[in-house]
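Trainee: Residue numbers (the numbering used here): 1 to 311.
Take this structure, written in structure tokens, and hold onto it; I'll ask about it next.
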């Protein structure tokens, strides 16, 4: 029953995120908002919506480790699983913006989050405000100086929709996200208690992979469509958004406290480790390129992490 709740919850989250994305892009076309603004704000927000909804719901329901595990696990899964599978299917060229903007900002966001949570085991309200302000400054910087950093991956999907359809998609998407998060958390908490493992372990493995599925689907579709524009920047952008927006907004609504100390003694260091590992992989053996060997290294890193977490 718990597994059924988890699967149904994930299906609703993915469908909801997709509907939200459709309505957001259609709305931008109607309002003539520049693509760049939509790409950096609404689209990023829509693909991170499953993480955001699940984390807020988990924190409010009194399962803070699910909220934290979901984000930390998602960040590890985005690089160790999603990126690994993507480059195993076909090598990707990495843009210069990777080492000038994307990677440094991801590392600063990761270190900022780890610094906030490591010493007192709690993400306070004012710390959440700092994270959200940092995100806002990052978006302003991107929009002003880094317009090339955002690529419209699927221009053929940009179809103008009548207003009633936009409202309908927004409503259905929002409802699906809410219902999906309810089912996912119910199933995850039930499974954690029946298997005798902590919320953190379920959050960092099953829930985090589930909420990373939209990124995985988008990456695989782009590779199959031979869209080499699929950039590392997309996944790194998702990681930045998870830390600054998801945890920032969640902790502003309600402070998040660590219950399972494994998050502080192990998980955050795995997240920092894989985030740092991307830099040398991008430059060696071929400059600004990720190939199948890099994919194997990342996948091995992820499998080791999951094995040591559930062991």
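Ideal Cβ positions, reconstructed from N, Cα and C, are used throughout, including at glycine.
On the premise that residue 55 lies in contact with residue 250, defined as a C-beta separation below 8 angstroms, what is that separation, rounded to the nearest angstrom?
Mentor: 5 angstroms
Trainee: Give me the Cα-Cα distance between residue 135 and residue 241, rounded to the nearest whole angstrom.
Mentor: Their backbone Cα atoms lie some 7 angstroms apart in a straight line.
Trainee: Along the alpha helix (DSSP H) that carries residue 23, what are the first and last residues, could you check?
Mentor: Unbroken alpha helix (DSSP H) run through residue 23: 2-31.
Trainee: Would you check if the distance between the CB atom of residue 8 and the CB atom of residue 183 is smaller than 7 angstroms?
Mentor: yes
Trainee: Let me make sure I understand the geometry here. Which of 294, 14 and 162 has the alpha-carbon closest to that of residue 31?
Mentor: When each option's Cα is compared against that of residue 31, the closest is 162.
Trainee: Here's the rule: buried if 16 or more other CB atoms are within 10 angstroms of the residue's CB, otherwise exposed. What is residue 14?
Mentor: Result: buried.
Trainee: In three-state DSSP terms, what is residue 316?
Mentor: Any question about residue 316 goes unanswered here, given that the chain covers just 1 to 311.
Trainee: Could you name the residues of the same chain whose beta carbon sits closer than 6 angstroms to that of residue 75, not counting the 5 residues immediately before and after it, in chain order?
Mentor: 239, 242 and 271
Trainee: Do residue 80 and residue 259 have their CB atoms nearer than 7 angstroms?
Mentor: no
Trainee: Below 6 angstroms CB to CB, which residues in the same chain sit around residue 12 once its five sequence neighbours on both sides are set aside?
Mentor: 176, 179 and 180
Trainee: For residue 19, does the count of other Cβ atoms within 10 angstroms reach 16, so buried, or fall short, so exposed?
Mentor: buried
Trainee: So, with DSSP's three-state summary, where would you put residue 61?
Mentor: coil
Trainee: As a quick exercise: from 106, 83 and 173, pick the residue whose alpha carbon is nearest that of residue 216.
Mentor: 83
Trainee: Nearest-angstrom Cα distance between residue 112 and residue 247?
Mentor: 12 angstroms
Trainee: Can you check which of these residues, 309, 282, 294 and 299, is closest to residue 97 by C-alpha distance?
Mentor: 282
Trainee: Using only alpha-carbon positions, find the residue among 164, 233 and 62 that is nearest to residue 104.
Mentor: 233
Trainee: Which value, in whole angstroms, describes the spacing of the CA atoms of residue 91 and residue 61?
Mentor: 42 angstroms
Trainee: Compare the Cα-Cα distances from residue 130 to each of 306, 244 and 302 and report the closest residue.
Mentor: 244
Trainee: Return the CA-CA distance between residue 294 and residue 141, expressed in angstroms with no decimal places.
Mentor: 30 angstroms
Trainee: If you draw a straight line from the alpha carbon of residue 252 to that of residue 68, how long is it in whole angstroms?
Mentor: 14 angstroms
Trainee: If distances are taken between C-alpha atoms only, which option among 262, 224 and 288 comes closest to residue 85?
Mentor: 224
Trainee: Would you call the CB atoms of residue 122 and residue 257 closer than 7 angstroms?
Mentor: yes
Trainee: Should residue 195 go down as buried or exposed, given a rule of 16 or more other Cβ atoms within 10 Å for buried?
Mentor: exposed
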